[in-house]
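Numbering (this note's numbering), first residue to last: 50 to 235.
C-beta: ideal position from N, C-alpha, C; glycine also.
Everything numeric in this text was worked out from a predicted model, so none of it was measured.
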């Protein structure tokens, strides 16, 4: 009987030693999960501090809607509908000329943008040498028409743009959704 007992103890010990690698893997996974969650929480706290509304702690950077006020307006003309996009840019910030885009349904055309101001060229750390607008107010204008020459109502348009703070923060690309009526081209 003693031989069987030692065998059963040996089997139990082997089963326990086989569990150790799994236990180690589970512990390592739990540790990695905890560390990654801490890292994400720390990063979120850091971003929260950048844009904090807490008056006791003044934020280094403005929220995007305070740094840039973007509005659009339309005007029916004999050539179609003129879409104007106005950027009120807070000093110390700039808007990329080449990041201004329009998205609209098939069957609609837009002429290239014209601008109320000339861009300046900067050496951007992300995009290299690029044209930007640093002026207080810049208006981008385009002419919208339909391909079939007929009027169109409630056409969905998405205006895309991106800006940065000269102090070293590039805001994520922004999108402004609007609808417009396109006049008949005469």
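Determine the direct distance from the alpha carbon of residue j to that of residue i, and round the result to whole angstroms.
{"i": "residue 283", "j": "residue 207", "result": "There is no way to answer for residue 283, as the model of the chain reaches only from 50 to 235."}
{"i": "residue 200", "j": "residue 235", "result": "11 angstroms"}
{"i": "residue 178", "j": "residue 147", "result": "11 angstroms"}
{"i": "residue 211", "j": "residue 116", "result": "11 angstroms"}
Report the option in the options whose CA atom is closest to the CA atom of residue i.
{"i": "residue 109", "options": "156, 172, 218", "result": "218"}
{"i": "residue 189", "options": "125, 144, 139, 196", "result": "144"}
{"i": "residue 174", "options": "216, 202, 139", "result": "216"}
{"i": "residue 159", "options": "166, 165, 167, 150", "result": "150"}
{"i": "residue 214", "options": "141, 233, 134, 194", "result": "141"}
Using the beta-carbon count (16 or more within 10 Å), is residue i buried or exposed?
{"i": "residue 169", "result": "exposed"}
{"i": "residue 225", "result": "exposed"}
{"i": "residue 156", "result": "exposed"}
Can you find the residues in the same chain that come closer than 8 angstroms, C-beta to C-beta, to residue i, ignoring five residues on each side of it along the sequence?
{"i": "residue 167", "result": "none"}
{"i": "residue 197", "result": "156"}
Leaving aside the five residues before and after residue i along the sequence, list all residues of the same chain whose C-beta is less than 7 angstroms from its C-beta, in chain order.
{"i": "residue 172", "result": "178"}
{"i": "residue 122", "result": "133"}
For residue i, which residues of its own chain have a beta-carbon under 6 angstroms away from its beta-carbon, when the five flanking residues on both sides are left out?
{"i": "residue 191", "result": "132, 159, 160, 162"}
- Query: Which whole runs of the beta strand (DSSP E) in the segment 120-193 are 3 residues long or more, in chain order?
  - Reply: Runs found: 129-138, 142-145, 150-152, 157-159, 169-173, 177-182.
- Query: In chain order, which beta strand (DSSP E) runs of at least 3 residues are fully inside the segment 190-226?
  - Reply: Taking only runs of at least 3 residues, the beta strand (DSSP E) segments lying wholly in the segment 190-226 are 201-210, 212-214.
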